[in-house]
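**Student:** Sharing a structure, written as structure tokens. Questions coming.
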Amino acid sequence: MLCKKYSGFFGGIHPADGSDKELSLQSPIVSVTPDVVEISSEQSTGSICHFKPVIGDKVTLGDLIGIPKNFTAVNLHASISGTVTDIKTYEYPRTGAQVTFLRIEGNGRAAVKTNQEYRFKLMDISHLSREILLNKMKEGGLTGMGGAGFPTHIKYETKQPIDMVLINAAECEPYLTCDHRLMLEYGMELINGINLLIKAAGAQKAILCLEDNKKDAGLYLENLISGLNVPISIKLLPTRYPQGGERQLIQAVTNTMVPIGGLPADIGIIVNNVATAKAMADLVFGDTPLIARCVTVTGKVKNPGNYYVPLGTSYSSLLHLAGGITTLNNKVILGGPMTGNCVGIDVTEADVYGSVTKTSSAIIVLENSSLTETPCIRCGACVRICPAGIHPFKIDNAYLREDLSICEKLFATECIGCGSCSYVCPAKRELARRNISARNEVKKIRRERQVK
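Sequential numbering of the sequence shown, starting at 6, is according to the numbering used here.
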């Protein structure tokens with residue numbers, strides 16, 4: 006049986022009515038392999054890899070091409086077979102930072118078919134130890150695929166005892182449907198992946214957590230699980246943003262809270278995105294590192310849809326696959342509309358630079374509209390809906406005064422960057438942007454204190 010819905014977490018909003026997701030929800034995932042990829046050395050913010058190949062080198066699908074340069078980076082692999090034709094550095098739209106891209110021109114050879122059994126049946130994992138699985142995560146470049154892209158092996162190397170793994174399938178951002186389609190189309194791979202994550206964590210069980218606007222996926226997976234001997238259950242949650250926030254999901258499902266400054270592992274829980282679970286199955290049973298992902302392309306495009314593409318596929322080519330942008334008065338966002346980054350205003354497909362990374366969930370084209378900030382009216386709306394329980398308007402005021410000590414006292418570091426405060430603000434203040442900046446600067450100060 007599907008478990009009953011829970012009342013959930015503190016705060017939250019309803020930023021959409023569901024019609025946004027309907028644009029692409031009924032579109033089956035289309036697998037596309039481009040002739041050329043340009044793979045970013047920065048697969049998530051601040052996570053930098055050093056490229057191994059040089060121009061002229063031949064690479065084969067799955068070859069190791071990038072070595073981590075810092076703690077939050079992971080191995081990077083060739084997403085198509087071909088020749089390295091360029092390595093160049095320029096501004097990457099997700100961060101504004103100078104990022105290096107490696108260009109591979111494909112040789113037209115199709116990928117070699119690997120083991121397909123795990124797509125149709127439950128696999129035996131009795132011979133796989135926790136150590137083997139952690140090593141595969143590390144070698145295969147597995148990361149979170151629904152948020153910050155944190156290395157999965159580091160999350161699972163915790164010394165804390167883990168009781169359960171929560172699989173985050175909330176997909177609470179408006180417009181996004183890639184995870185929903187993954188559940189409907191890759192059910193057995195997903196179950197096999199979750200089973201592997203349970204063993205890697207040393208946990209007793211996993212709970213697959215969906216919002217109640219995905220009942221079809223929940224019922225489909227429940228039917229698959231019912232005939233299998235796996236410690237996996239499914240829980241439906243009320244549709245509310247940001248249900249998919251790690252701490253919010255834990256609170257909604259378990260009625261417990263991660264302590265301030267703590268991690269989910271401190272209370273015996275690990276959270277992973279549903280796409281990461283599928284990628285784990287591909288890695289272990291399909292011998293395929295993390296080299297591709299599903300991306301939703303939607304909004305003001307001719308044919309909204311979901312595309313399974315190699316890392317390094319250009320955003321402009323994805324927009325072309327979706328039939329192109331249908332309005333010149335546009336705003337192009339990478340990621341969800343609440344937390345994504347605007348990379349173009351009033352642009353054509355060719356003007357949208359950048360390529361798919363391990364954390365690229367969507368490309369959304371919206372109508373462009375300008376908003377004018379006005380003074381805070383101290384209505385308290387941002388406080389009432391903040392899922393982190395902080396005071397966004399107070400942090401905003403302190404940040405504008407450049408008083409980071411007050412920001413720290415106001416727990417700016419607890420901001421989850423969900424954007425809810427900006428969404429509800431009647432004065433149209435950029436609360437989320439400045440709260441995130443305050444959070445990051447306070448964290449930087451704390452790190453510098455520790456060094457001293």
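For each residue, glycine too, the CB sits at the ideal point set by N, CA and C.
Quick caveat: nothing in here was measured; it's all calculated off a predicted structure.
For the alpha helix (DSSP H) containing residue 404, list its first residue and its last residue.
**Tutor:** 397-405
**Student:** Per DSSP, residue 45 is paired with what?
**Tutor:** Partner(s): 106.
**Student:** Which residue marks the beginning of the beta strand (DSSP E) containing residue 169, and which one marks its end?
**Tutor:** Element bounds for residue 169: 169-174.
**Student:** Just mark residue 261 as buried or exposed, buried being the case when its beta carbon has 16 or more other beta carbons within 10 Å.
**Tutor:** exposed
**Student:** Please specify which runs of the beta strand (DSSP E), each continuous and at least 3 residues long, are wholly inside the segment 330-378, giving them in chain order.
**Tutor:** For the segment 330-378, whole beta strand (DSSP E) runs of length 3 or above, ordered along the chain, are 335-339, 346-350, 367-372.
**Student:** Under 8 Å by Cβ, that's how I've got residue 255 and residue 275 pegged, so tell me the actual separation to the nearest angstrom.
**Tutor:** Not confirmed; about 10 Å, so no contact.
**Student:** Given 8 Å as the limit, is there contact between the segment 315-334 and the segment 38-58, that is, 3 or more CB pairs closer than that?
**Tutor:** yes
**Student:** Report the rounded CA-to-CA distance for residue 124 versus residue 191, giving the unit in angstroms.
**Tutor:** 7 Å
**Student:** Can you find at least 3 beta carbon pairs, one from the segment 62-82 and one from the segment 340-360, that sit closer than 8 Å?
**Tutor:** no
**Student:** My output table needs one value for residue 91: the three-state DSSP class, helix, strand or coil.
**Tutor:** strand
**Student:** Taking only runs that begin and end inside the segment 120-169, name each unbroken alpha helix (DSSP H) of 4 or more residues, in chain order.
**Tutor:** 135-144, 157-161
**Student:** In whole angstroms, what separates the C-alpha of residue 412 from that of residue 405?
**Tutor:** 10 Å
**Student:** Which full runs of the alpha helix (DSSP H) of 4+ residues lie inside the segment 264-339, going along the chain?
**Tutor:** 279-290, 320-326
**Student:** Excluding the 5 residues preceding and the 5 following residue 235 in the sequence, name in chain order all residues of the same chain whose CB lies nearer than 6 Å to its CB.
**Tutor:** For residue 235, where only same-chain residues beyond five positions count, the Cβ hits under 6 Å are 200.
**Student:** Go ahead and pull the three-state DSSP assignment for residue 82.
**Tutor:** strand
**Student:** Using C-beta distances below 7 Å, list every residue in its chain close to residue 354, excluding the 5 sequence neighbours before and after it, in chain order.
**Tutor:** 321, 324, 325, 329, 330
**Student:** Taking C-beta to C-beta, are residue 80 and residue 136 nearer than 8 Å?
**Tutor:** no
**Student:** Which class does residue 190 belong to by DSSP, given the choice of helix, strand or coil?
**Tutor:** helix
**Student:** Determine the direct distance from the alpha carbon of residue 167 to that of residue 206, and round the result to whole angstroms.
**Tutor:** Straight-line measurement puts the Cα of residue 167 at about 6 Å from the Cα of residue 206.
**Student:** The alpha helix (DSSP H) spanning residue 437 covers which residue range?
**Tutor:** 436-456
**Student:** Mapping DSSP to helix, strand and coil, what is residue 417?
**Tutor:** helix
**Student:** If you count every other CB in all the chains shown that lies within 10 Å of the CB of residue 210, and 16 or more means buried, which is it?
**Tutor:** exposed
**Student:** Quick check on the DSSP output: the beta strand (DSSP E) that includes residue 216 runs from which residue to which?
**Tutor:** 210-216
**Student:** In terms of alpha-carbon separation, which member of 420, 452, 453 lies closest to residue 439?
**Tutor:** 420
**Student:** Kindly list the residues whose CB is nearer than 8 Å to the CB of residue 362, restricted to its own chain and excluding five residues on each side of it in sequence; keep chain order.
**Tutor:** 45, 47, 48, 49, 99, 154, 316.
**Student:** Restricting to Cα atoms, I'd like to know which of 428, 349, 106 is closest to residue 376.
**Tutor:** 428
**Student:** Just grab the DSSP bridge partners of residue 96 for me.
**Tutor:** DSSP, once it has assigned bridges, lists 103 as partnering residue 96.
**Student:** Contact defined as beta carbons within less than 8 Å: I believe residue 88 pairs with residue 61. What is the distance between those atoms, to the nearest angstrom?
**Tutor:** 7 Å
**Student:** Excluding sequence positions up to five away, which residues of its chain have a Cβ less than 6 Å from the Cβ of residue 132?
**Tutor:** Contacts found: none.
**Student:** Leaving aside the five residues before and after residue 399 along the sequence, list all residues of the same chain whose C-beta is less than 6 Å from its C-beta, in chain order.
**Tutor:** Only 415 meet the Cβ criterion.
**Student:** With DSSP collapsed to three states, give me the class of residue 35.
**Tutor:** strand
**Student:** What does the alpha-carbon distance come out to for the pair residue 443 and residue 434?
**Tutor:** 15 Å
**Student:** Do three or more CB pairs link the segment 235-253 to the segment 171-181 at distances below 8 Å?
**Tutor:** Segments in contact, yes.
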